[in-house]
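If you're matching them up, the sequences are chains A and B in order.
The numbering used here puts the first residue of the first sequence at 1203, with every later residue one more than the last.
The numbering used here puts the first residue of the second sequence at 12, with every later residue one more than the last.
Idealized CB from N, CA, C, for every residue including glycine.
Read through the structure below, which is laid out as structure tokens, and then see the notes.
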Amino acid sequence: MVRFLNRSAGRLSRHRRGPLAGLVVMLLGLLMTGGLYAAFAPAQAGSAESDTALAAKGRQLFLVGCATCHGQNGEGVRTQDGNQIGPSLVGVGAAAVDFQVGTGRMPMAQPGQQAPQKTPVYSADEIAQLAAYVASLGPGPAIPDESQYSLAGLTAAEREAAIVRGGQIFLTNCTACHNFEGSGGAMPRGGYAPKIRGVEPKYIYEAMLTGPQAMDTFSNGNLPPAEKRDVIAYLQSLETQPAYGGFGLGGLGPVSEGLFAWLVGLGALVGFAVWIAAHTTRSEKKKVDAT
Amino acid sequence: MSIDMNKVATSNTTSAAIPRKPSKVGAVATWVDDRLGLATSMKKQIRKVFPDHWSFMLGEIALWSFVVLLLTGVFLTLWFTPSMGEVQYNGSYDQLRGIHMSEAYASSLKLSFDVRGGLLMRQMHHWSAMLFVAAMMIHLLRVFFTGAHRKPRELNWVIGCLLLLLGTLEGFTGYSLPDDLLSGTGIRAADGFMKSMPVVGTYMSFFLFGGEFPGEAIIPRLFTIHVLLIPGLLLALIAAHMLLLVYHKHTQWPGPGRTEQNVVGYPMLPVYAAKAGGFFFIVFGVTAMMGGLLSINPVWKFGPYDPTKVTAGSQPDWYMGWPDGALRIMPGIESHFWGHTLSWNVFLPIIVLPGLMFTILLLLPFIEAWVTGDKREHHLLQRPRNAPTRTATMVALMTFYGLMWAAGGNDIIAITLHLSINQITYFLRGAVFIGPVVAFLITRRWCISLQRHDEGVLLHGYETGIIMRSPEGGYTEKHLPISPARAYTMTARDREEVPVLETLETDENGVPKKRSPLAGLRYRIRTLMYADNIQKPTAEELEAAQHHAEHEHDLQAALDGHAADGHQFDGHHAVEGETLRGDH
């Protein structure tokens, strides 16, 4: 083995002073540098120009669908008495657009206490164009990458630890409005914290990042990306675990339990009481002839 | 002195009568009776007669639920650790592994995931607790609506009310034991309620928690109250409740052959033993079905209690829901005295109001007896319509309760019906006062209309649906008299004498003595209570009505023989074997 290596090394080194050696080494060096750059360089560097194109397309969409309330340059529109028709979008970032438009909350069908979730109006491509335009208005959070909210690549033990940690973060920060299993809760004057069971992880991440509507913003300084990922992992673990206790009654807590106790439980028992009292040893049993 | 049985005749006929050898069962019974002497009383008790009606079985639901609670509760105590000592969870539930929690919560998780059948028992225990209190409440409503709370059963009513109160407290202590997020939120709220009491509040809180909230004493203390103190009291009161039931004998609906002096029904053995025993298994079965199929109190999702956490949908179990509702809709009023705060917004709805409502409930039979001045015993029940003011009073109380209940679930109503929680609150602030009044008036008038209907049926008979045409071309519907049994049942009630204010004695100078103001009030209430009620017809009125019917019959008799097809069904002809529509 050693002999073989020595022999081949000897063969290579025999050419080291050949006329083409310098050229080959230089070409190899260039190839490696270029390859490494391509492998490690930030992805945006390559698509910088298409971002501008996207933003230009997005601006066209924005002027038609959004500008009425948010202003022609996303600066927001105020009424004479100082109320806001639509807030300024400078600095809200692509993540906010992806959340609001991707879940159908924007464009709003009508003004109200809260923009409800509905079928999205724009296609995925159009949402990307709008997001690119709004992101160009000022620096803001970008649309998260799947790697940011996925547990892929973690060991089983790390995943479990992440889920446990996420559960504690969820119970501390989210349940007060969204309920213990994400069934949602009431907010003042017709507002509500929506149900977050069955929501795509990307949108949960974006909601935490951008704090839509009445929700608090959990910025990355406040709740690091890894902890956002853990919260999402906990919510998903609730969805994948079996319903240990049986039918969950909407996951709303004691109110629906009380309703079931009265209507189903007591209703059945009173029905049985009527049935028992109707069947007894009778001296006369009149039968109604239906014919 | 022994008799040689072989020489005694076994019968009066040809062969002699000798007693048969006692059966094995008889021998055991004799053995027991020789030592306990229960045969005499048992002989009487197993022949005890109970009347039959579905509404008499509502209390039984509560009784059997209590048995289910005892059975499942004993199972739970075998694994539950009533301790607030901190442990690290290492059980089967992944999402909480490694978290620090109290031993109480850890053992609740263990019961749910690591004890065979533990979750089923936990869920059955909880459903059963809800059914227990619910059944007590509908039993209470049945008793009040039918007048079964009148003399001699007032004290049994009081015992029943205490059972309801204790059942509620028992439920609350049980809800608090697992030390999950909802439990802890509930105890924290209870701590606040106590502290809202002026002067004594903080002392009481420190006494209960053994220091500042939460301390380490509350779970063990609640455990002792939950498994020993209140169940003991419940058992004793249930025993007293049922002994009084046997002593008073069960009330019955009026009907032919049923009087204030007798009870018409079936004996305890075998009919009621079979029915009641069977009903126990039905209650057990329904509870087991609910425990197996419907999730209740999923403590693993709530997480361990931590004062820094809370969840949307934090509600008590339903029986504590109405004071919670009062708390939710109460405007935030506070007073400040010399550096002390008196929180009316907590104190009034959650301490004063439930106490007041419970006192009213407890006193209802006594208030009614005072107003009516009725000192007689009552064993025949009244239909709700025949006591319009009483029925309306209870419906008003129910309306109040129901609106408060709705207030207790205002957030759930808001999100499920897409309403504003503020608007619900504003509406209920008014509705809890207006609603009961409206319900009272509607119910009272409704009862009186039903009484009018009964009077019409008694005097003019029931509507047959047969339309008669007179020679002049007028149309009338034929009425036929109801059966004597039904007429008896409908008239088996007292005539309410609207009292005349007793004439006052005069003193030696001819000046009338002063009437006590209370007597005047009582007279006014009694007059209002009976006002507009329809009394049953007198014998003369019935006779006159009958006479009138016969007269009408005579008038219509002229039409006989000219009757159109089908008119032979007017009640005056034999229609045996005929069909109304001929052969087709």
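Our contact map puts residue i next to residue j with C-beta atoms below 8 Å; I'd like the distance itself, whole angstroms only.
| i | j | result |
| --- | --- | --- |
| A/V1294 | A/L1332 | Contact flag wrong, Cβ pair sits at about 12 Å. |
| B/Q326 | B/G413 | Incorrect: roughly 16 Å between the Cβ atoms, too far for contact. |
| A/G1393 | A/A1416 | 6 Å |
| B/K489 | B/T500 | With a Cβ gap of about 23 Å, B/K489 and B/T500 do not count as contacting. |
| B/H160 | B/L375 | 7 Å |
| B/Y277 | A/T1482 | 7 Å |
| B/F295 | B/V79 | 6 Å |
| B/P492 | B/A560 | 7 Å |
| B/L74 | B/I241 | Not a contact, Cβ separation roughly 16 Å. |
| B/I307 | A/E1459 | 5 Å |
| B/P318 | B/L188 | Actually they do not touch by this definition, with Cβ atoms about 18 Å apart. |
| B/K206 | B/G197 | About 15 Å; that fails the 8 Å criterion. |
| B/A403 | B/F451 | 5 Å |
| B/R108 | A/E1362 | 7 Å |
What residues of chain A sit near residue i, judged by a beta carbon separation below 8 Å?
| i | result |
| --- | --- |
| B/L180 | Simply none; closest approach about 17 Å. |
| B/F155 | Under the 8 Å cutoff, chain A gives no residues; its nearest Cβ is about 17 Å from B/F155. |
| B/V297 | G1467, A1470, L1471, F1474 |
Taking DSSP's pairing of strands, which residues face residue i in a bridge?
| i | result |
| --- | --- |
| B/M112 | B/V98 |
| B/I478 | B/E488 |
| B/M517 | The question names Met, but residue 517 of chain B in the sequence shown is Thr. B/P523. |
| A/A1395 | A/G1387 |
| B/R497 | DSSP output for B/R497 lists no bridge partner at all. |
| B/P315 | B/D191 |
| B/S119 | The partner list for B/S119 (beta bridge, DSSP) is empty, contrary to what the question assumes. |
| B/Y473 | B/L491 |
| A/V1279 | A/G1288 |
| A/L1468 | Partner(s): none; A/L1468 has no beta bridge. |
| B/T352 | B/H347 |
| B/L305 | A/F1449 |
Going along chain B in order, which residues have a C-beta closer than 8 Å to the C-beta of residue i?
| i | result |
| --- | --- |
| A/L1468 | I72, L142, A145, A146, I149 |
| A/V1476 | W65 |
| A/Q1370 | I110, G314 |
| A/L1465 | Going along chain B, no residue has its Cβ under 8 Å from A/L1465, so there is no contact; the nearest lies around 10 Å. |
Under 7 Å between beta-carbons, which chain B residues line up against residue i? List them in chain order, please.
| i | result |
| --- | --- |
| A/E1383 | K312 |
| A/L1454 | G324, I423 |
| A/L1451 | L305, S306 |
| A/T1374 | T319, K320 |
Apply the 10 Å Cβ neighbour rule to residue i and answer buried if 16 or more other Cβ atoms are within range, or exposed otherwise.
| i | result |
| --- | --- |
| A/F1420 | buried |
| A/Y1405 | buried |
| B/E519 | exposed |
| B/I229 | buried |
| B/K320 | buried |
| A/K1320 | exposed |
| B/W42 | exposed |
| B/V297 | buried |
| B/H573 | For B/H573, the pLDDT reaches just 49, beneath the cut-off of 50, and the residue's location in the model is therefore unreliable, although a value from the coordinates is still provided. By the neighbour-count rule (16 or more Cβ atoms within 10 Å), B/H573 is not buried but exposed. |
| A/G1473 | exposed |
| A/M1234 | exposed |
| A/G1220 | exposed |
| A/G1248 | Bear in mind that the predicted position of A/G1248 carries a pLDDT of just 47, short of 50, making it unreliable; the figure below should be weighed with that in mind. Counting Cβ neighbours within 10 Å, A/G1248 comes out exposed, since fewer than 16 surround it. |
| A/P1403 | buried |
| A/I1434 | buried |
| A/A1480 | exposed |
| B/V357 | buried |
Name the chain B residues that come within less than 9 Å of residue i, Cβ to Cβ?
| i | result |
| --- | --- |
| A/Y1351 | By Cβ distance, chain B contributes nothing, its closest Cβ being about 18 Å from A/Y1351, past 9 Å. |
| A/V1496 | Here chain A has residues from 1203 to 1493 only, and residue 1496 of chain A is not among them. |
| A/T1412 | What A/T1412 touches in chain B: nothing, since even the nearest Cβ is about 21 Å away. |
Can you pull the chain A residues whose beta carbon is under 9 Å from the beta carbon of residue i, in chain order?
| i | result |
| --- | --- |
| B/N433 | P1390, R1391, G1392 |
| B/H64 | A1479 |
| B/G289 | I1478 |
List the residues of chain A whose Cβ lies closer than 7 Å to the Cβ of residue i, in chain order.
| i | result |
| --- | --- |
| B/P327 | P1456 |
| B/M68 | A1475, I1478, A1479 |
| B/Q557 | Those within 7 Å of B/Q557 in chain A number zero; the least Cβ separation is about 26 Å. |
Item to check | Length at least 4, wholly inside the region 234-290 of chain B: the alpha helix (DSSP H) runs in chain order | outcome: 241-259
Checklist entry - Whole alpha helix (DSSP H) runs in the region 391-450 of chain B with 4 or more residues, listed along the chain? => result 399-419, 421-428
Checklist entry - Enumerated in chain order, which unbroken segments of the beta strand (DSSP E) with a length of 3 residues or greater are wholly contained in the region 1284-1346 of chain A? => result 1286-1288
Checklist entry - Which runs of the alpha helix (DSSP H) spanning at least 4 residues fall entirely within the region 52-102 of chain B, listed in chain order? => result 69-88
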